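The block underneath contains the structure these notes are about, expressed in C-alpha coordinates.
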Amino acid sequence: YFIDNMAEQWQTGTGTVANPKGDGNSDIYMSADGVHPTPAGHIYLAGKMADAVRKVVETF
(Lines of atoms letter the chains of each structure in order from A and count residues from 1; the text may use other names and numbers.)
(Lines give C-alpha, C1' and ligand atoms only; values in the text may rest on other atoms or scores of the structure.)
Protein backbone atom coordinates (compact mmCIF):
# COMPACT_ATOMS: atom_id res chain seq x y z
CA TYR A 1 0.00 0.00 0.00
CA PHE A 2 1.08 3.56 -0.70
CA ILE A 3 -0.24 6.50 1.26
CA ASP A 4 0.20 9.62 -0.84
CA ASN A 5 0.36 12.49 1.63
CA MET A 6 1.02 14.95 -1.18
CA ALA A 7 -2.17 14.05 -3.06
CA GLU A 8 -4.09 14.20 0.22
CA GLN A 9 -2.74 17.73 0.74
CA TRP A 10 -1.96 17.28 4.41
CA GLN A 11 0.28 20.32 4.20
CA THR A 12 -1.38 23.43 2.78
CA GLY A 13 -0.29 26.97 2.04
CA THR A 14 2.97 28.61 1.11
CA GLY A 15 4.21 30.02 4.41
CA THR A 16 6.65 28.86 7.05
CA VAL A 17 7.05 29.65 10.73
CA ALA A 18 9.63 32.26 9.73
CA ASN A 19 7.51 33.74 6.94
CA PRO A 20 3.80 33.12 7.55
CA LYS A 21 1.46 33.83 4.65
CA GLY A 22 -1.89 33.10 6.28
CA ASP A 23 -2.94 30.77 3.46
CA GLY A 24 -2.67 27.35 5.09
CA ASN A 25 -1.36 25.21 7.89
CA SER A 26 2.26 25.44 6.71
CA ASP A 27 2.58 28.67 8.73
CA ILE A 28 2.60 26.45 11.82
CA TYR A 29 3.86 23.11 10.52
CA MET A 30 6.71 24.07 8.14
CA SER A 31 10.12 25.08 9.49
CA ALA A 32 12.00 28.16 8.37
CA ASP A 33 13.92 26.16 5.73
CA GLY A 34 10.65 25.44 3.91
CA VAL A 35 11.46 21.73 3.69
CA HIS A 36 11.28 20.14 7.12
CA PRO A 37 8.36 20.05 9.54
CA THR A 38 8.46 21.88 12.84
CA PRO A 39 8.00 19.87 16.06
CA ALA A 40 4.27 20.64 15.80
CA GLY A 41 4.40 19.59 12.15
CA HIS A 42 5.90 16.22 13.09
CA ILE A 43 3.07 15.62 15.55
CA TYR A 44 0.48 16.65 12.97
CA LEU A 45 1.97 14.45 10.23
CA ALA A 46 2.30 11.49 12.62
CA GLY A 47 -1.40 11.77 13.45
CA LYS A 48 -2.37 11.99 9.79
CA MET A 49 -0.19 8.97 8.96
CA ALA A 50 -1.64 6.97 11.86
CA ASP A 51 -5.16 7.73 10.62
CA ALA A 52 -4.24 6.70 7.07
CA VAL A 53 -2.60 3.45 8.21
CA ARG A 54 -5.60 2.67 10.42
CA LYS A 55 -7.91 2.99 7.41
CA VAL A 56 -5.74 0.57 5.42
CA VAL A 57 -5.57 -1.95 8.28
CA GLU A 58 -9.35 -1.86 8.70
CA THR A 59 -9.74 -3.15 5.13
CA PHE A 60 -8.18 -6.52 6.05
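Read left to right, the sequence shown gives residues 20 to 79 (the numbering used here). Quick reminder that beta carbons are idealized off the backbone N, C-alpha and C, glycines included. Source: prediction; values computed, not measured.
Taking a contact to mean a Cβ-Cβ separation below 8 Å, would you say residue i touches residue j in this structure?
| i | j | result |
| --- | --- | --- |
| glycine 81 | glycine 53 | Residue numbering for the chain in the displayed model covers 20 to 79; residue 81 lies beyond these limits and cannot be assessed. |
| valine 36 | serine 50 | yes |
| lysine 67 | asparagine 24 | yes |
Taking the beta carbon of residue i as the centre, do at least 16 other beta carbons fall within 10 Å, making it buried, or is it exposed?
| i | result |
| --- | --- |
| glycine 41 | exposed |
Distance, Cα to Cα, residue i vs residue j?
| i | j | result |
| --- | --- | --- |
| threonine 57 | phenylalanine 21 | 24 Å |
| alanine 69 | asparagine 38 | 29 Å |
| threonine 78 | glycine 32 | 32 Å |
| serine 45 | isoleucine 62 | 13 Å |
Quickly, what does DSSP pair residue i with across the bridge? List them, please.
| i | result |
| --- | --- |
| proline 56 | Met49 |
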